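Residue numbers (the numbering used here): 711 to 1202.
The C-beta atom is built at its ideal place from N, Cα and C for all residues, glycine as well.
What you are looking at is a predicted structure, and each value in this text was computed from that prediction instead of being measured.
Input: a single structure, listed below in structure tokens.
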């Protein structure tokens, strides 16, 4: 029997031991590899998350920078434009994800602070501009009044018709310049700058009409029942308001179309109704005009456009200061209707026509139908008149109704009817009534059958002289001394 050598046994034992050791090391290495692989995977995931977070942070930073650039380049210019023109919208955030966030609140705070700063600066600059304009317009207005006085004196001094016509043209141009300066000064807070006495409403409207180019297109219908007049302190403000409304009507209607004025008397006041046949106004334009005419808020010159349109703004300032009312609406004739309502209690009075006769240029009232209380005492064909009569003369007894008579001929003229003045009792809430009658011949009552001959230059000059004499009393204060403000400070 062959025996295994001992050396071989030792070799086999050593190999087995080595195999066991190698197997153990192999198992241990495999576990280490798995752990290392797990750690590598975790590290990769962490790096990926970090990279994603960094990407999101970078994107948010870029979006925030874009919002800041949008604020500076778009939203702030929109804000400055919207402060001057409220209809301009201010755009919002560029990225809707910032809505309600701290970034949105911070940007909104910036817009609010910038808006307040711009508003305060605009108010300060506008106040300085109004102060400068107020001083300049007051000085120019005083100079134009002096020029007006000089032109009137020259009209009385020279009898040459051609010179008189040139002086009238110069006076008319001076009146238009005075109107523009006066309206601008009123918008800037200046006093109207002219002291007058109590004036008939019909005369006031005629005076306002005479300040405008195109006055020959204006047609006046006087429906007043009484000799209604405006108290002295409100004469010039109401005249300015009527002038500006008439200017708007004449400017926005064709030069061949008329502009009608109707004077109406109510139980609590009187109204001046102006209708034109022009292009009219849109709803938003009427709304903007009513806001200016209300005179409620503080007015900035920059809100009046470029160039500034000061007509409605000046009327609004006077409405707020003196207490009358102005309303603008679409006219039934397709244009614009403007109504100036003058309350009777503080601003209207009734004058004695015998002591202060109405100007010959003022339109006569249309007292149709003889609805006055004395109409039964008037014979057929007699018309009311404003000629003065004796205040102490008793009223004649009512005459019996005459029988129908044939038209009078030149050979048999009818006797004039004479009626004395009387005071009609006023009902509650109405103005006191005063009526006078003058002799009215049948020749004056008969309709004209022949064309009116053209006036000579001398007759035209005499009529203008009568007009100047009728208005001199209202300008006496302006001719004697510089106009004074309600506080008593003389304005140069």
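From residue i to residue j, what distance separates their C-alpha atoms?
i	j	result
residue 1126	residue 934	Confidence in residue 1126 is poor, its pLDDT being 35 and thus under 50, which makes the residue's placement unreliable; the coordinate value appears in the next sentence. Answer to the nearest angstrom: the Cα atoms are 25 Å apart.
residue 747	residue 783	53 Å
residue 927	residue 876	22 Å
residue 790	residue 826	11 Å
residue 1075	residue 975	11 Å
residue 915	residue 837	33 Å
residue 773	residue 764	14 Å
residue 1027	residue 843	16 Å
residue 1009	residue 863	39 Å
residue 1014	residue 1023	8 Å
residue 961	residue 808	52 Å
residue 904	residue 893	13 Å
residue 968	residue 930	10 Å
residue 868	residue 834	51 Å
residue 730	residue 743	20 Å
residue 818	residue 752	44 Å
residue 1044	residue 822	44 Å
residue 861	residue 998	39 Å
residue 971	residue 831	43 Å
residue 990	residue 768	58 Å
residue 1085	residue 1063	For residue 1085, the pLDDT reaches just 33, beneath the cut-off of 50, and the residue's location in the model is therefore unreliable, although a value from the coordinates is still provided. Near 19 Å, if we compare the C-alpha coordinates of residue 1063 and residue 1085.
residue 734	residue 725	14 Å
residue 760	residue 1011	59 Å
residue 980	residue 802	51 Å
residue 788	residue 798	7 Å
residue 770	residue 811	12 Å
residue 1037	residue 1048	6 Å
residue 785	residue 800	6 Å
residue 1201	residue 906	Any answer about residue 1201 is weak, because its pLDDT of 38 lies below 50 and its placement is not dependable; what the coordinates show is given next. In a straight line, the C-alpha of residue 1201 is about 16 Å away from that of residue 906.
residue 852	residue 1025	21 Å
residue 993	residue 1002	14 Å
residue 745	residue 727	27 Å
residue 721	residue 756	52 Å
residue 950	residue 874	27 Å
residue 952	residue 918	6 Å
residue 963	residue 1000	20 Å
Out of the options, which one is the CA nearest neighbour of residue i?
i	options	result
residue 841	760, 984, 942 and 896	896
residue 948	1032, 900 and 741	1032
residue 1203	804, 766 and 770	Because residue 1203 is not part of the residues shown, which for the chain are 711 to 1202, the question remains open.
residue 1040	1005, 985, 1060 and 966	985
residue 899	884, 845 and 887	845
residue 1052	1029, 1070, 1044 and 1042	1029
residue 902	931, 775, 1047 and 945	945
residue 1223	891, 932 and 963	In the structure as shown, the chain begins at 711 and stops at 1202. Residue 1223 is therefore absent and cannot be evaluated.
residue 1046	771, 996, 728 and 977	996
residue 959	951, 987 and 932	987
residue 936	756, 754 and 977	977
residue 778	760, 815, 759 and 750	815
residue 1035	1057, 732 and 1020	1057
residue 1016	795, 1025, 775 and 750	795
residue 1060	912, 964, 739 and 1038	912
residue 1020	966, 1042, 973 and 955	955
residue 881	852, 1054, 858 and 917	858
residue 793	806, 820, 828 and 813	828
residue 776	754, 813, 755 and 738	813
Where does the unbroken alpha helix (DSSP H) through residue i begin, and where does it stop?
i	result
residue 1003	993-1004
residue 851	812-867
residue 1032	1021-1032
residue 787	786-794
residue 887	871-897
Between residue i and chain C, is any beta-carbon pair separated by less than 8 Å?
i	result
residue 965	In the displayed structure, chain C is absent; only one protein chain is listed.
Could you check how far apart the C-beta atoms of residue i and residue j are, in whole angstroms? I think they sit under 8 Å.
i	j	result
residue 1050	residue 941	No, residue 1050 and residue 941 are not in contact; Cβ-Cβ is about 15 Å, not under 8 Å.
residue 909	residue 957	With a Cβ gap of about 20 Å, residue 909 and residue 957 do not count as contacting.
residue 923	residue 865	Residue 923 to residue 865, Cβ: 20 Å. No contact.
residue 921	residue 889	5 Å
residue 932	residue 1067	Not really, about 15 Å apart at Cβ, beyond 8 Å.
residue 879	residue 854	Contact doesn't hold; Cβ gap of about 16 Å is too wide.
On the DSSP letters alone, give me the boundaries of the beta strand (DSSP E) that residue i sits inside.
i	result
residue 1058	1058-1060
residue 939	938-940
residue 928	928-932
What does residue i pair with, by DSSP beta-bridge criteria?
i	result
residue 1053	979
residue 1048	984 and 1038
residue 974	981
residue 910	939
residue 969	928 and 986
residue 1073	According to DSSP, which records beta bridges pairwise, residue 1073 is partnered with nothing at all.
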